[in-house]
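**Student:** Taken in order, the sequence shown gives residues 28 to 176; the numbers are from our numbering. From the three backbone atoms N, C-alpha and C, an ideal C-beta is built for every residue, glycine too. Here the structure is a predicted model, which is why all the values come from computation and not from measurement. Please see the structure below; I have some questions.
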Amino acid sequence: MSRINASIDISRPPEEVFSYVTDPSHLPEWQESAVRVRQTGGGPGRSGRQVTVTRHVGRRDVDMNVELTELDPPRSWHVHGVDGRVRPDVRGTIEPLDDGRRSRVRFSVDFEGHGIGKALVPLVVKPRARKEMPRDEQKLKEILERGAR
Numbered sequence: 028m029s030r031i032n033a034s035i036d037i038s039r040p041p042e043e044v045f046s047y048v049t050d051p052s053h054l055p056e057w058q059e060s061a062v063r064v065r066q067t068g069g070g071p072g073r074s075g076r077q078v079t080v081t082r083h084v085g086r087r088d089v090d091m092n093v094e095l096t097e098l099d100p101p102r103s104w105h106v107h108g109v110d111g112r113v114r115p116d117v118r119g120t121i122e123p124l125d126d127g128r129r130s131r132v133r134f135s136v137d138f139e140g141h142g143i144g145k146a147l148v149p150l151v152v153k154p155r156a157r158k159e160m161p162r163d164e165q166k167l168k169e170i171l172e173r174g175a176r
C-alpha cells in the first residue's frame, strides 16, 4: 500500500522547525489525534529514544509505542512503531528555502498492520490519517510562524 506524502512551507529557519517537530512533547499541540506523550526509553534528541503516544481513535484512547530510529539535524528524522496492532512509520525532511529563512517540511507516513491491524490499516487508519494530515500541517505552520520554539 502506498505511503501518504505531504509537504508544507513554513516561514521559520530549518533549525527551529526541526527542533520543534522532532520533540515528541509537542505532538499534542499540533496533531489533533495526539492526546499525550510519555518518554519510555533513551535520551532526548537522540536516535533510539522511545515514546508512547496516546491517540484518540474513534471513542478510545490508544497507546502507540514508537522509536526515533534516525536523526540528522536539521534535515531529517525517522520514527517507527515498535509494537501493537498498528505501527506507524514516519519519515520527515526539512529543506531550507530563501537562504534558510523558510523551510519546506515533507512528511511520508505509512502503517504496518499486525493481527486485526492488517484490516484496520487500509479501512480505517490510512483514510483517517489522510484526512487529518492537512489540518495537522496547517496547525504546525500556525504555531511555528507565531514564534513557538
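(1) Restricting to runs no shorter than 3 residues, where is the beta strand (DSSP E) found entirely within the region 40 to 90?
(2) Using the Cα positions of R102 and Q66, report the straight-line distance between them to the nearest angstrom.
(3) For the alpha helix (DSSP H) containing R173, list its first residue and its last residue.
(4) Does the ligand GTP have even one heavy atom less than 8 Å from the beta-carbon of R118?
(5) According to DSSP, D116 sits in a beta bridge with which residue or residues?
(6) On the DSSP bridge assignment, give the partners of V132 in chain order.
(7) Of all the options V64, V136, G68, D99, which has the alpha carbon lying nearest to the alpha carbon of R155?
(8) Quick test of your reading: P41 and G127, contact by CB under 8 Å. State the CB separation rounded to the nearest angstrom.
(9) Between L150 and the rest of its own chain, which residues show a CB-CB distance below 8 Å, the 5 nearest in sequence each way excluded?
(10) For the candidate residues S52, S29, Q58, whose alpha-carbon lies nearest to that of K168?
**Tutor:** Here's the rundown:
(1) 61 to 68, 77 to 84
(2) 23 Å
(3) 153 to 173
(4) Absence of the ligand GTP from the depicted structure is noted, as is the absence of any ligand whatsoever, leaving it without description.
(5) H107, D137
(6) I35, I121
(7) V136
(8) 6 Å
(9) none
(10) Q58
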